[in-house]
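Note that this note's numbering has the sequence shown beginning at -8, numbered continuously upward. C-beta: ideal position from N, C-alpha, C; glycine also. See below for the structure under consideration.
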Amino acid sequence: SVAVALTVLGAGFANQTEVRAEGVNTTTSLTEKAKYDALRDENTGLRGDRTKLVKKLEEEQEKSKNLEKEKQKLENQALNFQDVIETQEKENEDLKTTLAKTTKE
């Protein structure tokens, strides 16, 4: 009779332990699902941010490329102007020389 009572009592503890263990597993599953959902949401947000940043980078690279082309044009114009100035200075010197010769004669 005492042995039967202990067996029933032991079985009751075993059932409670199993129920409690199931409750812990459910809580753990919910916690892990919440973590998974949070990480998935963060990942989605980061992918969106990455897409925006890649687009902005491409736009900035295009601007940089256009500015580099404009800079090259301006440098070429500056060289052309320098050539014109040097040519005019040479012509001016030639005219001074011609004028000096004409004045002496």
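Just how far apart, CA to CA, sit residue i and residue j?
{"i": "E33", "j": "Q68", "result": "52 Å"}
{"i": "E53", "j": "Y27", "result": "39 Å"}
{"i": "V75", "j": "E82", "result": "10 Å"}
{"i": "L30", "j": "K46", "result": "24 Å"}
{"i": "E80", "j": "K62", "result": "27 Å"}
{"i": "L86", "j": "L70", "result": "24 Å"}
{"i": "V10", "j": "K24", "result": "Residue confidence is low: V10 scores 47 on pLDDT, short of 50, so the model does not pin down where it sits. No coordinate-derived value is stated."}
{"i": "E59", "j": "E51", "result": "12 Å"}
{"i": "F72", "j": "K43", "result": "43 Å"}
{"i": "R41", "j": "E49", "result": "12 Å"}
{"i": "T22", "j": "L37", "result": "22 Å"}
{"i": "G39", "j": "E77", "result": "57 Å"}
{"i": "E84", "j": "K95", "result": "17 Å"}
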